[in-house]
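Peer 1: Input: one structure, supplied below.
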Amino acid sequence: VHTFTSHCAIVSQTRTLGSAGLCSILRVYNFDEFILSNNDVVLRSIAEDLRNCLPIEAMLNSEHLAIQKILEQPEPTVHVDAFLYDDDIIDSLCEKGKMSRNYCVVCGSHKTAPLEFISHSFSLMELKFLYQYALPDLTGKILVDVGSRLGAVLFGGYLYSSASQLYGVEMNADFCQLQEMIITKYQFTDRVKVLHSDICTQASLLQNADVVVMNNVFEYFLNRLEQARAWEFISHNMRKKGSLLVTVPSLEESISNLQTDILLSQWVEEMKLDYDVYMEKDIDREALEEIHLYKIL
Numbered sequence: 001v002h003t004f005t006s007h008c009a010i011v012s013q014t015r016t017l018g019s020a021g022l023c024s025i026l027r028v029y030n031f032d033e034f035i036l037s038n039n040d041v042v043l044r045s046i047a048e049d050l051r052n053c054l055p056i057e058a059m060l061n062s063e064h065l066a067i068q069k070i071l072e073q074p075e076p077t078v079h080v081d082a083f084l085y086d087d088d089i090i091d092s093l094c095e096k097g098k099m100s101r102n103y104c105v106v107c108g109s110h111k112t113a114p115l116e117f118i119s120h121s122f123s124l125m126e127l128k129f130l131y132q133y134a135l136p137d138l139t140g141k142i143l144v145d146v147g148s149r150l151g152a153v154l155f156g157g158y159l160y161s162s163a164s165q166l167y168g169v170e171m172n173a174d175f176c177q178l179q180e181m182i183i184t185k186y187q188f189t190d191r192v193k194v195l196h197s198d199i200c201t202q203a204s205l206l207q208n209a210d211v212v213v214m215n216n217v218f219e220y221f222l223n224r225l226e227q228a229r230a231w232e233f234i235s236h237n238m239r240k241k242g243s244l245l246v247t248v249p250s251l252e253e254s255i256s257n258l259q260t261d262i263l264l265s266q267w268v269e270e271m272k273l274d275y276d277v278y279m280e281k282d283i284d285r286e287a288l289e290e291i292h293l294y295k296i297l
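So the sequence shown is numbered by full-length UniProt numbering: it starts at 1 and just counts up by one.
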């Protein structure tokens, strides 16, 4: 709210001060910071819209395999979507008794332990790191988000990058509808498109992509044979020299337990990321270190 008010004040004053007055104001108020700050506001508004459309765990009944795999984790685990719920919102929900960070080790006692949280979306912090620090200038480039889910990577790319086209590929029709709702409401239609599709039918899209993003995309949603098939398909079709692949977790971790013929050393080179460049106060170093960037050889 403050930044929008500041913008109104700038517009009002320029009517009487002219160009010299505007330059003086902009020296006091960094206009780049103003734009970035308002992009944060837009993303938080999108997150609020989506929270109002989803149950608190941000999972749908149609996600049978994902729900089953979360229940099978060795430690009690809950899905908390990082794009929808930052730490402040989680704290507020915990205070209201709508969410908990802990579980009871012995039912009925006060002996508790921290719950494991898993997210299938990037947080606002991770999106800003990805677009402002990890990736190069995307002017004129095509970005593909595999398993776009709620669209966080697409919306972040629209606001924080100059990518010419941002494609989301999502198998769940309900999530596609939610993304379309946001794309229409916030007028992202000129650069964002969502495909209700299996990535294994999108060879041409992968072949033309300059950047492909894959965040926890297969492990919780496909069985092992399907995961291997999907990785094989991607490695065969993502061959444009110099194009970039962003993954969470690392490629090594994703395919180490799968039966594939992928030779990573012949397909990609990992690019070292400087996680210390992100200087904002809300940094979660551990989360940033899960992001890996590769260049296609």
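The beta carbon of each residue, even a glycine, is placed where N, CA and C say it ideally should be. Computed from a predicted structure; not experimentally measured.
Could you tell me the distance, in whole angstroms, from the CA atom of Gly108 to the CA atom of Asn61?
Peer 2: Locating residue 108 in the sequence shown gives position 108, where the first residue counts as 1. Locating residue 61 in the sequence shown gives position 61, where the first residue counts as 1. Low per-residue confidence applies at Gly108: pLDDT is 48, beneath 50, and the placement is therefore not dependable, though the value from the model is reported in the following sentence. Computed Cα separation, rounded: 30 Å.
Peer 1: In the DSSP assignment, find the alpha helix (DSSP H) that holds Gly157 and state where it starts and stops.
Peer 2: As a first step, residue 157 must be located in the sequence shown, where it is residue number 157. Run containing Gly157: Ala152 to Tyr160, per the alpha helix (DSSP H) assignment.
Peer 1: Identify, in the order they occur along the chain, each residue of the same chain with its Cβ nearer than 6 Å to the Cβ of Asp174, setting aside the five sequence neighbours on each side.
Peer 2: For this step, residue 174 is matched to residue 174 along the sequence shown. Correct list, in chain order: Leu60.
Peer 1: Count the other CB atoms within 10 Å of the CB of Asn52; is the residue buried (16 or more) or exposed (fewer)?
Peer 2: The residue labelled residue 52 in the question sits at position 52 within the sequence shown. So Asn52 ends up on the exposed side.
Peer 1: For Tyr294, which residues of its own chain have a beta-carbon under 6 Å away from its beta-carbon, when the five flanking residues on both sides are left out?
Peer 2: To locate residue 294, count along the sequence shown from 1; it is residue 294. Closer than 6 Å at the Cβ level, and outside the excluded window around Tyr294, lie Leu245, Val268 and Glu270.
Peer 1: For a test of the three-state rule: what should DSSP assign to Thr139, helix, strand or coil?
Peer 2: Walking along the sequence shown from the start, residue 139 turns up at place 139. If DSSP states are grouped into helix, strand and coil, Thr139 belongs with the strands.
Peer 1: Assuming Asn215 is part of the beta strand (DSSP E), what are its boundary residues?
Peer 2: To locate residue 215, count along the sequence shown from 1; it is residue 215. Residues Val211 to Asn215.
Peer 1: With respect to the alpha helix (DSSP H) encompassing Thr184, which residues constitute its N-terminal and C-terminal limits?
Peer 2: Within the sequence shown, the letter at position 184 stands for residue 184. Unbroken alpha helix (DSSP H) run through Thr184: Ala173 to Lys185.
Peer 1: Distance, Cα to Cα, Asp145 vs Val169?
Peer 2: The count along the sequence shown starts at 1 and reaches residue 145 at position 145. The count along the sequence shown starts at 1 and reaches residue 169 at position 169. C-alpha separation (whole angstroms): 6 Å.
Peer 1: Indicate whether Tyr133 and Ser161 have their beta-carbon atoms separated by less than 7 Å.
Peer 2: Taking the first residue of the sequence shown as 1, we reach residue 133 at position 133. Taking the first residue of the sequence shown as 1, we reach residue 161 at position 161. No, the pair does not count as a contact, with Cβ atoms beyond the cut-off.
Peer 1: So, do the stretch 217-236 and the stretch 271-287 have three or more beta carbon pairs nearer to each other than 8 Å?
Peer 2: No, the stretch 217-236 does not touch the stretch 271-287.
Peer 1: Examine the Cβ distances between the stretch 174-186 and the stretch 208-219 and report whether three or more of them are shorter than 8 Å.
Peer 2: No: the two stretches stay apart, fewer than three of their Cβ pairs being nearer than 8 Å.
Peer 1: Given that a residue counts as buried once 16 or more other Cβ atoms are within 10 Å of its Cβ, and exposed if not, what is Leu297?
Peer 2: Here residue 297 corresponds to residue number 297 of the sequence shown, with the count starting at 1. With fewer than 16 other Cβ atoms within 10 Å, it is exposed.
Peer 1: Mapping DSSP to helix, strand and coil, what is Lys128?
Peer 2: The residue given as residue 128 occupies position 128 in the sequence shown. Of the three classes helix, strand and coil, the one that applies to Lys128 here is helix, per DSSP.
Peer 1: What number of angstroms, rounded off, separates the C-alpha of Asp81 from the C-alpha of Glu57?
Peer 2: For the purposes of this step, residue 81 is identified with residue 81 of the sequence shown, where counting begins at 1. For the purposes of this step, residue 57 is identified with residue 57 of the sequence shown, where counting begins at 1. Cα to Cα, the separation comes out at about 7 Å.
Peer 1: Please look up how many angstroms separate the CB atoms of Leu288 and Glu126, rounded, as I've assumed it's under 8 Å.
Peer 2: For the purposes of this step, residue 288 is taken as the residue at position 288 of the sequence shown. For the purposes of this step, residue 126 is taken as the residue at position 126 of the sequence shown. Their Cβ separation, rounded to whole angstroms, is 7 Å, which keeps Leu288 and Glu126 in contact under 8 Å.
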